[in-house]
Structure formats: structure tokens, C-alpha cells
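Notes to accompany the following structure.
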Amino acid sequence: TTVLEARDVHFAFGRTPALRGADLRLGEGEILAVMGPSGSGKSTLLHCLAGILVPDSGEIHFDGQRIDRLGETGRSALRRDKFGFVFQFGQLVPELSAEENVALPLLLSGVRRSAATAEARVLLERLGLDGLAARTSGELSGGQAQRVALARGLVARPRVLFADEPTGALDSLTGEQVMDLLVGSARAEGTSVVLVTHEPRVAAYADREVVVRDGKVLALTAEPAA
Ligand code: ADP
Ligand code: ADP
5 TTVLEARDVH FAFGRTPALR GADLRLGEGE ILAVMGPSGS GKSTLLHCLA
55 GILVPDSGEI HFDGQRIDRL GETGRSALRR DKFGFVFQFG QLVPELSAEE
105 NVALPLLLSG VRRSAATAEA RVLLERLGLD GLAARTSGEL SGGQAQRVAL
155 ARGLVARPRV LFADEPTGAL DSLTGEQVMD LLVGSARAEG TSVVLVTHEP
205 RVAAYADREV VVRDGKVLAL TAEPAA
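Take 5 as the starting number for the sequence shown in this note's numbering and just add one per residue.
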């Protein structure tokens, strides 16, 4: 079944078109790599799928519901409750410890601090970070910080994890460790993943690849049956 779908999505930044009729379908539990050259529209497509940007035209459907027509409140609730995010630079809150950063999405969803902290510890342990729970991002290596960011992206058990160049700032060995954890966690939870990358080695972790070129999506490998 299809979890998330973009239909004929157009988006322009002022006069700069970024998406010109993009179509994409993400299956339940599917890990989809979105590749393509810099400036082709990958991040814009991710932001439209995730309800961060609203398309100028076209439709975004999540779980059979049209989400591009939701207001900012509805889209922000959706992002909080159903989606997880991990970006190129972890973007941890520098004043908070690793554990507090991971607990943050749960606290924002109204989970009590004790339960949020307990869940954050589970995620940190699963990602091999239990010894680092008290550290702030300034006290973590790049790879460790990115694993903390991944833990934060997964802690609320999202239906869809959006990963935009999640290994882009890491050396290749550290990037492989992060990808092993990302894919392993997604598989274990049945989480669908939209993985934006321009690195073929990262895309190789996905079930399927598409390429974005000039704001359109070219399918590379066959779509799974709906
Ligand atoms: P990619 O992720 O493939 O590198 P983007 O989606 O970031 O591509 O960008 C697509 C196009 O939109 C590019 O021409 C880029 O310069 C432009 N663009 C992206 N973000 C902005 C922005 N905030 N303001 C203006 N133009 C933007
Ligand atoms: P990516 O790694 O996806 O290619 P970029 O480095 O192109 O991302 O862009 C990083 C950020 O800068 C994005 O948030 C994007 O929206 C913004 N951006 C990209 N192109 C432009 C632009 N031409 N004008 C203003 N902002 C831009």
C-alpha cells in the first residue's frame, strides 16, 4: 500500500521553478532513495512531501488523506505525530544533552518527561550511544551527533522518516555506520523512509531509487505493486 504520494507537484521560489510536475509514491515500509544533481529539486520535493512547503499546484496524499490542503496547524501536527526528520547537519539543540535532544519530539507531543526520557534512553542504547547521553553536541564527534539526530528522528516512531543527505557531512566509514543504523531501525519498526542523497553508495541501501531532474521525478527501478 501507498503511504505517501506526490501528484503533479509544482513549486517555485519566486520566479525560480524548483518542481515542475513531480510524481512520487512511497510504499509502506519502503526505503526510497531520491537522487539527482544539486539544484534538481530533491530537497524541495522532500519539503513538500513532509508538509513543510505547500505546493503551488498538485497534491500530496498521506495515508489516503490529502495533506497539502491542511493549514499550518494541521501540517505541523502531522509532522510532529507521523513524521521524523534527520538532516545533513544534525541540528541538535546545542544547550541540551544528547538524551534531552532525543526526548524533545516526545515532549513536544505532550509525553511526560519521565516517559520521554525513558524512551530516549532506549533509542540511545539501540544506536550505541548510551554512554553519551549526558553530552551536549559540542562534546560529540560528527558521527556521534548524527546518530543522536537519527535517534531523535526515530524516537516518536514515525510512519515516515525524511532523511536529507543524512551522511553528507560524514566520512564514508562513519556514513556507513549511520546508514546501517538508519536502515536497521526503519526495518525493525516498519518505518518508510524518503532518503535524499547524491551518493550512489548511500542510495544502495534503499529498496528503490528515483532520480530528480529539472524538478521532475524519473523512476529508475520498478515501483512495487500498490
Ligand atoms: P536539491 O535538493 O536537488 O539540491 P533544491 O530543492 O534545494 O535542490 O533546489 C531546487 C531549486 O530551487 C534550485 O534552483 C535552488 O537554487 C532553488 N531553491 C531552493 N531553495 C530555495 C530558496 N529558499 N530560495 C530560492 N531558491 C531556492
Ligand atoms: P541541498 O544540500 O539539498 O542541495 P542546498 O545546499 O542547495 O541544499 O541548500 C541548503 C539550503 O539553502 C536549503 O534550505 C535551501 O532551501 C536553501 N537554498 C538553496 N538554494 C537557494 C537559493 N538559490 N536561494 C536561497 N536559498 C537557497
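The beta-carbon is built from N, C-alpha and C at its ideal position, and this holds for glycine as well.
Keep in mind the model is a prediction, meaning the values are calculated, not measured.
For residue i, is the beta carbon positioned less than 6 Å from some heavy atom of ligand 1?
i	result
residue 201	no
residue 48	yes
residue 43	yes
residue 22	yes
residue 15	no
Exposed or buried, what is residue i when buried is set at 16 or more other beta-carbons lying within 10 Å of its beta-carbon?
i	result
residue 157	buried
residue 42	exposed
residue 5	exposed
residue 221	buried
residue 118	exposed
residue 69	exposed
residue 126	exposed
residue 45	buried
residue 93	exposed
Going by the CB atoms, is the gap between residue j and residue i shorter than 7 Å?
i	j	result
residue 87	residue 164	yes
residue 62	residue 216	no
residue 155	residue 106	yes
residue 19	residue 219	no
residue 213	residue 199	no
residue 211	residue 34	yes
residue 140	residue 113	no
residue 30	residue 7	yes
residue 60	residue 15	yes
residue 174	residue 151	no
residue 128	residue 160	no
residue 64	residue 10	yes
residue 54	residue 166	yes
residue 103	residue 137	yes
Name the two residues that bound the continuous beta strand (DSSP E) containing residue i.
i	result
residue 57	Unbroken run through residue 57: none, as it is neither H nor E.
residue 12	6–17
residue 213	212–217
residue 20	20–31
residue 198	196–200
residue 119	Counting along the chain, residue 119 falls outside any beta strand (DSSP E), though it belongs to the alpha helix (DSSP H) covering 117–130.
residue 36	35–39
residue 208	First-last for residue 208: undefined, no H or E at that position.
In the DSSP assignment, the alpha helix (DSSP H) including residue i goes from what residue to what residue?
i	result
residue 107	102–112
residue 155	146–158
residue 78	76–86
residue 137	Looking at the DSSP string, residue 137 is not in any alpha helix (DSSP H), and its letter there is neither H nor E.
Mind checking whether the beta-carbon of residue i lies closer than 6 Å to any heavy atom of ligand 3?
i	result
residue 137	Because ligand 3 does not appear in the structure shown, any question about it cannot be addressed here, the ligands present being ligand 1 and ligand 2.
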